[in-house]
Structures are given as structure tokens and as C-alpha cells.
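K.L.:
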Amino acid sequence: MLTFLRRRIVSSAIPLLVVILGVFFLARLTGDPANLYLPLSATPEMRESFSAQHGFDQSLTAQFGDYLAELARFDFGESLRTAQPASEAVLRAFPATLQLAGFTMLLAVIGAVVVGSLAAYRPNSPADRIASFLSSTAASTPDFWFAIMGVLIFAVQLDWLPTSGTAGAAAWVLPVATLLIRPFGVLVQVVRGAMVSALSAPYIKVARSTGASEQRVIFKHALRNAGAPALTVAGDLTVGLINGAVVVETIFGWPGIGKLMIDSILQRDFAVLQAAVLLTALTIFALNILIDIGYALLDARVRQGAMA
Amino acid sequence: MTTEQTKPEAAGKTGRTSMLALLRKDRMASAAALVLLLVGLCALLAPPLLGDLARDQNLRAVNLRPFSIDDGWEFVLGSDSLGRSVLARLAVAAGTTMSVAVPAVLLSLVIGSVWGMWAGFHRGWRESVSMRIADVILSFPSLLLAVVVLYVFDPSVANIVAVLAVARIPIYLRTARAESAELRSRLFVDAARTFGTRDWATIRRHVAPIVLPTLLTVAAVDFCFVMLTESSLSFLGIGIQPPDMSWGLMVAQGRQELQTAWWIAVFPGLAIILTTVSATLLAAWARIAGDPAQRWRLTAPKRGRLGRRGGKEQA
Amino acid sequence: MNAVLNKPGGGTAATVAMEVRGLSVEVRAADGPVPVVREVSFSASSGQTLALLGESGCGKSMTAQAVTGLLDPVAEVVGGEVLLDGQDVLRLGSRERRRLAGPGLAVVFQDAMTALNPVYTVGSQLAEPFRIHQRLSRRAAREKAVELMERVGIPEPRARAKSYPHQFSGGLRQRLLIAMAVALEPSVLIADEPTTALDVTVQAQIMELLAELRRETRMALVLITHDLAVVAEQADQVAVMYAGSIVESGPIAEVFGAPRHPYTRGLLDSVPAGHARGTRLRSIEGTPPRPAAIPSGCAFRTRCPMARERCATDPPPLTTTGPGRASACHYWKELADA
């Protein structure tokens, strides 16, 4: 179990390193980093003093060393907009995104397990066809459009829900629903597929031949086997969830890290963007390890390295 | 698989016609095929034919309501806040959307497939390095990648295509690698290698034809993903820039007029859904129809009960 | 195990434990239903072994799945009955049927590699039948599971109960499957090709284990196989299947000694055992027909050395040819006299 975990941590750390390197070089590849860090209206004197201040006149290796040292202190310089440390802005926005994404994922998983299992129980039955159609529509609906339709109907026309903000349960409905549709649609299809193949496995017949009830067959024997393949897409889904969070937070004015990133792009605030991107990458890294642990807990073969 | 290879031409032909017959039987799948055909036609024909109509501002025809042809057929889906025909803009935007999605999908399909087949065929370090690269790209949100790159470079069509292609290469790389690694262990590939056939020739002649159908299905599903990402980028203002038009950008523009002219934002969204759902449906259908072991699922299921049907037979 | 010996009805030798009558199964295909099991009848007696013999694809596994109610959704029972203790299990509700699964009718599956759930320990899987049918506590069921493992010859059962299926060899996995099937001492045990995936030496051990359990618990064993040698060694009765139907049945010594169907004859001729040295082994010409393209009249006529005009038009019914024997050939007498 420990060697398994160590191997996974090392292999998931590689993407993190690539992101760290990528952000560093992207900031240098495009020529003068001052172009990235400073607003377009900056004067040449401002650019020069900026370069000297941040050591851009030094060698690349020395710059990378400084960069890593700054990273270790989570120091990304100051935000152009607020003149506060970039890390502060990012850390302030982070919990809002985490809450939104966590709650959404919880709903998506529960919903998808129920709907996906029901659909898989009788492949090609009317229930399965409806579930398949709805989930594939959900997975292919543009989230920004869904959000706008939600605003149009429930906020503008019916005036039931607020259009933005985080205050009160009502403010959560539209953002969560918008963020939910895509992962829910994808997860239903994955759970359905995994359950169909798990339910047609020989051990299911064996379980039925011992007189196990259908609930026992589905929830004890099939679901745990279907859990592993479903978990493999969990990584892709978290990644997708961050895509969704950018859109949802922008539309609903959710003060999270996605909105922060888009705002800093539109206002060319590279220090904040860089900090946000790195924190996101770090979160994905941590989540991947959690997923791997879950994977190992579900299936003994993974734990014992039987499925290398 | 070996029998597949020696199958006479005639068998392949009847296989194809029965696919068409099967398609005609499935109403959902044929509707999906029609929608995609229509979108394709729009993408090809609308930009030269309707380009001017889509750009012409007409301040006397601002925010016209849809579903009325009192002001001419071009306003059947209403007009936007500058008096431009929504219908014409939708059709022209189909062209922009396709000009991003199609090259992006084709690029990633070709690069990812060739790379993946090569990696899976050779195994060893070439395989592990390739898979690590795929992991790196996939573990980073594609929208964020696009955001960072389009921050540094211009959000031109070429850059968007490049970003989306890079972001999606791993999908094909993984699929192609898995399939070709599996195929490599089969006898006929071994046989070809024993006879000294060159690696690339073996891949082209023995691996590619078998892996390709799977990859094409993956591409159909991925096409939706690319389309959605492009429209998200355009919606967020870091994708297609005005005066060019794309469905995502149209939704963003319509958002300002949501209270007064809902149709400006609603129709492009519906166009996106219709296209992506159709592509998904058709891909799912093709996957089942192409698999002889699954094809029975397309025939109507009748769950006859023994009690009703078998009663008299053994009297 | 002693309790079983006193089971009512298990005392005399030839009590019929299960009777299958006119069982028919169809598989749904793109161009309509295809019959794969056609009017199959046989009966299994307590304490005896009935072999269902046939080539792969002849419908013998499908028959087993239909009897146990474990057909894949693509296949469907369209006629017949399966009588167990006087009731037709095919017409029971799912709840009653589940109650019989285990104590009434149990199955040992073919593929021991995939027939055990990979994510649970074997101990907890073997405990399942006791948890379901006897509502035993987790601990008590586990004790029973360990006893069962010992009974089927798993070394160090208590320690190995905590292992997962992939940590066992093929032979031990098959033993575990058998243990699970006999856990509740079924009156009928159906073993579907229980040894195909195993080494020859292990095959013999598994067959020996099955025979031992059958003697001890006086269950009826239905052995589904394509292996003539196994049938010759193990079976009391044999039913030979071809293209979805039974073509000949009877006591093993009589059927193998003097076959009354050209197919049985062909099968026996293709095996070297007991064959005079120097004479050529004969095999049956051609291949078995696909279920969708079974010839008219007698299904075997296209490969039959004795086929005549009548065979193309009249399907030969399975008719009694002697005490306990039946054959589905118009010209069985010619074989019997030869």
C-alpha cells in the first residue's frame, strides 16, 4: 500500500512540476515579463524599474532559483488591481470555489450512482433510454447557456432566485445546478457503463445462484466493482469541474478562484493569475492522490500491486 | 480478427448497406445524422452567401421578435440589438464554430493516433514517456490552459485551434496506444514482423485499420467537447473576437439583452445543444451498430413472459 | 453433513430430484428470435450423476442457465417446465425462486477465474449463502465458511478466508466455487464444464471432489461437459445434445456400449480410448450448424453417414428404444442391430 502510494505521488507530482516550469517559462518566453506583469499603459521607466526590482536582468537559472524560493513562500508579488499580495487574493477566493465544487460533486456522485444503476439494471429499457438521453444531453449542454437560461427563467421572469452572490441557500441553487449538469451527465453514463459490465460479470450470476436479492446483487456485488472504473474518470471530472467553475463563477459573481482568474486576465494581472493557476494545479495534485487512495481501498488487487 | 482480414469484398459491402438500413430504422439516429448534415451545409455555404446579411446593421429593425416574417424571412428568428438577422448570424457562426472544431479535432486525431500507435507498438520507454506526457496535459484543465495561452498570445482562430488540439491529443494517444499495444500481441502482427515488414508499414497495414474505427468514435465524442470549450472561451471573451461570430460569442452578446430580447441568447445555445447531442447520439449508435456482439440491442426488445407464451406448448 | 443423510426422500437410490420437460430457449438476434434449446427433457435422480454431453454451442450451457433462471437478457425461456419437488421453478415468483437458489438448486460455473467477486475476500463470499438463507450473524456465517473451505480441501482455511480470489490458483478457485454451491446442501447441483479451465491433474481432483460431495449429500449432480472421458468415468446417466436438442439418452454403460444415434456413434469413434491399434480414428464430417441455420428435418442429417430422404422432411422425435433409453433417429434399429 505504501509503495503503491509513493509511486502514485511521484507520478502525479510530474504534472505539478510541469505546470510550475510552464508558468515560469511562459512568463519569459514572450519576451519582457514586464509586458505580462504590468498594465499595457505602463511607461518605459516603470518597466525598467520593474525588471531590476524582480531580477529579470539576471541569468535564467538565477531567476528560476528566485522563482522557486518565492514559490516556497507562496509569494507571487503584488496584485496590480489591489496592490495586495497576489497570494492573499487567491487564498481568499479559494474556499468559495472549494465549497461550490465540493457540494456539486457530492450531489453529482449520489445522483449518478442512483440514476446510472437504475438505467444499467435493464439495458435498453425505457428507463435506460430516458436516462441515457437526458445524461447525454446534460453532458453536451453548454454550461454558460444553461446558467443564462436559469437566470432568465428563475431570476428574471419568476423572481424566485437571486442572479448573483453567495448569501442564503437560494443563491446556491443556480450555480450548483449549472456546475452540476456536465459532471452529472458524464458520471451517469460512466456509472451506467460500468454497472452494465459489472452486472454481466460471471460473479453476478454466482451471487444470483446463491439466492441473493436483487438489491444485494446491485449494491453489494456490482456497485463496488463498478466503483473502480467510475473513480478513474473522477480525475478528469475534477479537472472539468474547474473549467465549469470558471464559467459559473463569472456568470453568478461567485467570489471564487475561477472568477478571480478571468478577472485577472481581463485586467492583465499576471501575478494573481499565476498564483491562481499554481494553486489550482496543487489542488488537482492533492485530489488525484485522494482518488488513488480511494481506488486502492475499493479493490485489493490495486493495493497489492497486482494490476500494475 | 484473422477472419476479418480475409473477409471477401462482398461481405464488407453488404455490411455497409445494412448499416444504412439500420440507421434508417433508428429514428433518433437518422434525425441526428440530418442535423449534422444541416450544420455542415450551413458551415460551408452560409459564410459566402449570408455573410453580408449577418453583418448588416439595420437600426430600423432592432430586437425584432422571432417567429414572424412580417419584416422578411431573414428575421424569422428575430434580430439583435443592432438589427442584424439572428438566423443569418446563426448560420454564419456555424462556419466559425466548425472552422475551429474541425481542424482542432482533425489535428489532435491525427497527431494523437499516430503517436499512440507508435508508442503502443514499440512499448518500453517510448510508451511510458508518451503516457506521462498525456497524463500531464490531461491533469490540467483545458480551459485554464487556453486561458493562460490566450493571455500570452492573441486569441486568434489559429491559436484557439492550436490550444484545443494540444489539449485533446492525449485522448487519442491513450486510446490508440492501448489498442495497438493489445494488437501487437496478436499473431498476425507478429507474423508481419517476422517477415521483416518495417515497423511503420506494419502499423499502417495491420494496426491502423483495426484501431481507426474506435478512434473515429472517440473523435465524434471529442468533437462535442472541443465545440463546447470553444464556445465557453468565446463566451468568456477570450475566444473568437467580434466582428467574427460564434455561437458562444452570440450567447455572450445576447446576455446583455436578456430582459428585453431573450431570443438572441436562446437560439445559439439551442444550436450548440442540438449539434452536440446529435454528434453524441450518432457516435453512440455507430459504436453499437459497428459491434456485431452488440447489434441485437438495436432490435426492439420484447420481454415476453413464459407464463403467457409457453402455456399451451407442453399440454 | 450428517443431517443430509436423513433428508426425507433422500433414502432410496433413484428418487427423481429434478425433472425438465420440453424446455425451449430462444435468443434474440437482429433478424428475429433464434431457437437455441429445443424441447429438451431429462430428469436427474438423487445421488446420481447425469451428464449432459455435447460440443460447444450445442445449447447445453444455455439449458443449465435456463434451468437455474440465470439466462442473459438476450435469451428467453419460451416453453417447458422444470419440476423441483413437484413445483415448476420457471413459474415461481422471483422471491420464491431465490429461496430455492442454494438449498434447492445450485450451480458451479465454468470460469472459476471470473466467477468470484474480485473485490471481496473469499471468506465473506462463502459466508453469503448462510447470511442470505439462514440469516446467520457475520461471525457465525464466517465460521461456516471456514468449515466449508476445509471441507473442499483448501489448506489453512482460517487464514486463507481473508484472502482475495486473485490470490488463489485456478484449482483452488474452482474448489471455492464448489464450496459456495454446496454450502446449503442443494438437492440438485448443476456443474457447467467445471474443469475446462484446469490442468489435467487438477481436473481429476475436482471431479473426485464433486463425486465425493454427491455421495455424501445424496444430491443429484447434473454434469455439463464435452469431455467423453469425464462422462464415461463419472456419469450414471447420459443425455447427448446436438444443435439444441437431446438426440440420445440412457444409462452410461448402455449408451456408450451400444449407441443408438449416429451422432453418439460418431463422437465415440472419434476418441482413441479402446480403439484397436492400427485402425484410423474417424471424425464426424463437417461442423455443427449455427443455431440460426439448422437444417430442416433431422438437424444432424447434413453430417450423418446414414441420412436418407426421409430425414430431410421428418424431424425424428426422441422415442423410447428400451428401458430407460431413448434416441432421436428414424433408423436407430440399424445401429442397434449392427
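Chains as they are written, first to last, in our numbering: chain Y, 43 to 350; chain B, 2 to 316; chain L, 216 to 553. Think of the CB as a built atom: it goes at the ideal place given N, C-alpha and C, for glycine as much as any other residue.
Taking buried to mean at least 16 other C-beta atoms within 10 Å of its own C-beta, is B:Val278 buried or exposed?
P.N.:
One-based indexing of the second sequence puts residue 278 of chain B at position 277. Buried, because 16 or more other Cβ atoms sit within 10 Å of the Cβ of B:Val278.
K.L.:
Taking the Cβ atom as the reference point for each residue, do L:Thr517 and L:Pro510 lie within a distance shorter than 8 Å?
P.N.:
As a working mapping, residue 517 of chain L is identified with position 302 in the third sequence. As a working mapping, residue 510 of chain L is identified with position 295 in the third sequence. It is a contact, given that the beta carbons lie within the stated cut-off.
K.L.:
Taking the beta strand (DSSP E) that L:Ser542 belongs to, which residues open and close that run?
P.N.:
Start at 1 with the first residue of the third sequence, and residue 542 of chain L comes out as number 327. Element bounds for L:Ser542: 540-542.
K.L.:
Please check if any C-beta of chain B sits within less than 8 Å of the C-beta of Y:Ile331.
P.N.:
Within the first sequence, numbered from 1, the residue matching residue 331 of chain Y stands at position 289. Chain B contact via Cβ: absent.
K.L.:
The alpha helix (DSSP H) with B:Ala220 in it runs from where to where?
P.N.:
Locating residue 220 of chain B in the second sequence gives position 219, counting from the first residue. Taken as a continuous stretch (DSSP letters only), the alpha helix (DSSP H) holding B:Ala220 covers 209-237.
K.L.:
Check whether the Cβ atoms of L:Ser261 and L:Val252 lie closer than 8 Å to each other.
P.N.:
Along the third sequence, read from residue 1 onward, the residue named residue 261 of chain L stands at position 46. Along the third sequence, read from residue 1 onward, the residue named residue 252 of chain L stands at position 37. No, the Cβ-Cβ distance between L:Ser261 and L:Val252 is not below 8 Å.
K.L.:
Beta-carbon within less than 6 Å of B:Ala221's beta-carbon, same chain only, minus the 5 sequence neighbours each way: which residues are those?
P.N.:
Stepping through the second sequence from its first residue, residue 221 of chain B is reached at position 220. Contacts found: Ala280, Ala284.
K.L.:
State buried or exposed for L:Gln325, treating a residue as buried only when at least 16 other CB atoms are found within 10 Å of its CB.
P.N.:
Here residue 325 of chain L corresponds to residue number 110 of the third sequence, with the count starting at 1. Buried is the call here.
K.L.:
When you compare each of L:Tyr335, L:Arg314, L:Arg373 to L:Ile347 by their alpha carbons, which one comes out closest?
P.N.:
The residue you call residue 347 of chain L lines up with position 132 of the third sequence. Nearest C-alpha to L:Ile347: L:Arg314.
K.L.:
Taking B:Gly337 and B:Leu174 to be in contact with their CB atoms under 8 Å, please state how far apart those CB atoms are, rounded to whole angstroms.
P.N.:
With chain B running from 2 to 316 in the structure shown, residue 337 of chain B is simply not present.
K.L.:
Nearest to B:Glu141 by alpha carbon, out of Y:Ala213, Y:Leu47, Y:Val319?
P.N.:
The count along the second sequence starts at 1 and reaches residue 141 of chain B at position 140. Here the sequence assigns Phe to residue 141 of chain B, which means Glu is not the residue at that position. It is Y:Val319.
K.L.:
Taking 8 Å as the CB-CB cut-off, is L:Leu331 touching chain Y?
P.N.:
Position 116 of the third sequence, counted from the start, is the residue given in the question as residue 331 of chain L. It does: the Cβ of L:Leu331 has a partner Cβ on chain Y nearer than 8 Å.
K.L.:
Near Y:Arg250, which residues of its chain fall below 7 Å by C-beta distance, leaving aside the five closest residues on each side in sequence?
P.N.:
What you label residue 250 of chain Y is simply residue 208 of the first sequence in a count that begins at 1. Excluding sequence neighbours, Y:Arg250 sits near Val259.
K.L.:
Could you work out which residues of chain B lie near Y:Ile307, taking near to mean beta carbons separated by less than 7 Å?
P.N.:
Along the first sequence, one-based indexing puts residue 307 of chain Y at 265. In chain order: Val148, Tyr152, Ile239.
K.L.:
Going along chain L, which residues have a C-beta under 9 Å from Y:Pro165?
P.N.:
As a first step, residue 165 of chain Y is located in the first sequence; it is residue number 123 there, counting from the start. What Y:Pro165 touches in chain L: Pro288.
K.L.:
Counting only Cβ pairs nearer than 7 Å, list the residues of chain L close to Y:Tyr245.
P.N.:
Residue 245 of chain Y sits at position 203 when you count from the first residue of the first sequence. Those within 7 Å of Y:Tyr245 in chain L are Thr329, Ala330, Leu331, Asn332.
K.L.:
Which residue's Cα is closest to the Cα of B:Thr98: B:Leu54, B:Ile112, B:Pro48?
P.N.:
Start at 1 with the first residue of the second sequence, and residue 98 of chain B comes out as number 97. With distances taken between Cα atoms, B:Thr98 lies closest to B:Pro48.
K.L.:
Could you work out which residues of chain D lie near L:Arg516, taking near to mean beta carbons separated by less than 9 Å?
P.N.:
Reference to chain D is not applicable here, since the protein chains of this structure are Y, B and L.
K.L.:
May I have the straight-line CA-CA distance separating L:Glu296 from L:Leu533, to the nearest angstrom?
P.N.:
Here residue 296 of chain L refers to the residue found at position 81 when the third sequence is read from its first residue. Here residue 533 of chain L refers to the residue found at position 318 when the third sequence is read from its first residue. Using only the alpha carbons, I get a separation of about 17 Å.
K.L.:
According to the neighbour-count rule (16 or more other Cβ atoms, all chains shown, within 10 Å of its Cβ), is B:Gly13 buried or exposed?
P.N.:
In the second sequence, residue 13 of chain B corresponds to position 12, counting from 1. Summary for B:Gly13: the model assigns pLDDT 43, below 50, so the residue's position carries little reliability; its value from the coordinates is reported in the next sentence. Under this definition B:Gly13 is an exposed residue.
K.L.:
At least one CB of chain L closer than 8 Å to the CB of Y:Asp341: is that the case?
P.N.:
On the first sequence, residue 341 of chain Y is found 299 positions in, with the first residue counted as 1. So yes, Y:Asp341 belongs to the interface.
K.L.:
So the alpha helix (DSSP H) B:Leu91 belongs to, where does it begin and stop?
P.N.:
Sequence index remark: in the second sequence, residue 91 of chain B carries index 90 (1-based). First-last of the alpha helix (DSSP H) with B:Leu91: 87-123.
K.L.:
What does DSSP give as the partner residues of L:Ser260 in its beta bridges?
P.N.:
Here residue 260 of chain L is taken as the residue at index 45 of the third sequence, counted from 1. Beta-bridge pairing links L:Ser260 to L:Val231.
K.L.:
Tell me which residues share the same chain as L:Ser362 and place their Cβ nearer than 6 Å to its Cβ, disregarding the 5 neighbours each side in the sequence.
P.N.:
Along the third sequence, read from residue 1 onward, the residue named residue 362 of chain L stands at position 147. Sequence inspection shows Glu at residue 362 of chain L; the Ser mentioned does not correspond to that position. Excluding sequence neighbours, L:Glu362 sits near nothing in its chain.
K.L.:
Between the segment 310-327 of chain L and chain Y, which residues of the former have CB atoms less than 7 Å from a CB of the latter, in chain order?
P.N.:
Within the segment 310-327 of chain L, the residues whose Cβ lies closer than 7 Å to some Cβ of chain Y are Arg313, Arg314, Ala316, Gly317, Ala321, Val322, Phe324, Asp326, listed in chain order.
K.L.:
List, in chain order, every chain Y residue whose beta-carbon is nearer than 9 Å to that of L:His476.
P.N.:
As a working mapping, residue 476 of chain L is identified with position 261 in the third sequence. None at all; the shortest Cβ gap to chain Y is about 32 Å.
K.L.:
What are the start and end residues of the beta strand (DSSP E) that includes L:Ala454?
P.N.:
To locate residue 454 of chain L, count along the third sequence from 1; it is residue 239. From DSSP, the beta strand (DSSP E) with L:Ala454 extends over 452-457.
K.L.:
In terms of residues, what are the limits of the alpha helix (DSSP H) holding B:Ala166?
P.N.:
By 1-based counting over the second sequence, the position of residue 166 of chain B is 165. First-last of the alpha helix (DSSP H) with B:Ala166: 158-185.
K.L.:
CB L:Thr329 to CB L:Tyr379, shorter than 8 Å?
P.N.:
Working through the third sequence from its first residue, we reach residue 329 of chain L at position 114. Working through the third sequence from its first residue, we reach residue 379 of chain L at position 164. The answer is no: Cβ separation not under 8 Å.
K.L.:
With distances taken from CA atoms, which of L:Gly512, L:Ser542, L:Gln340, L:Leu425 is nearest L:Glu469?
P.N.:
Position 254 of the third sequence, counted from the start, is the residue given in the question as residue 469 of chain L. Answer by Cα proximity: L:Ser542.
K.L.:
Compare the C-alpha of Y:Leu302 against each of B:Pro67, B:Val148, B:Ala105 and name the closest.
P.N.:
Taking the first residue of the first sequence as position 1, residue 302 of chain Y is located at position 260. Residue B:Val148 is the option with its Cα nearest to Y:Leu302.
K.L.:
Note down, in chain order, each residue of its chain lying with its Cβ closer than 6 Å to the Cβ of B:Ile170, except the 5 sequence neighbours on either side.
P.N.:
Along the second sequence, one-based indexing puts residue 170 of chain B at 169. So the list reads Ser109, Ile112, Gly113, once near-sequence residues are dropped.
K.L.:
So does the segment 196-209 of chain Y actually touch the segment 265-274 of chain Y, counting three or more Cβ pairs closer than 8 Å?
P.N.:
These segments do not touch.
K.L.:
Going straight from the alpha carbon of B:Ile241 to that of L:Gly284, what length do you get?
P.N.:
On the second sequence, position 240 is the one that residue 241 of chain B refers to. On the third sequence, position 69 is the one that residue 284 of chain L refers to. Their backbone Cα atoms lie some 59 Å apart in a straight line.
K.L.:
Starting from the N-terminal side, write out each stretch of the beta strand (DSSP E) that is 3 residues or longer and does not extend beyond the segment 318-397 of chain L.
P.N.:
Listed in chain order, the complete beta strand (DSSP E) runs (minimum 3 residues) inside the segment 318-397 of chain L are 320-323.
K.L.:
Leaving out five residues on either side along the sequence, give the residues of the same chain with a beta carbon under 6 Å from the beta carbon of B:Gly41.
P.N.:
Counted from its first residue, the second sequence places residue 41 of chain B at position 40. Result list for B:Gly41: empty, nothing under 6 Å.
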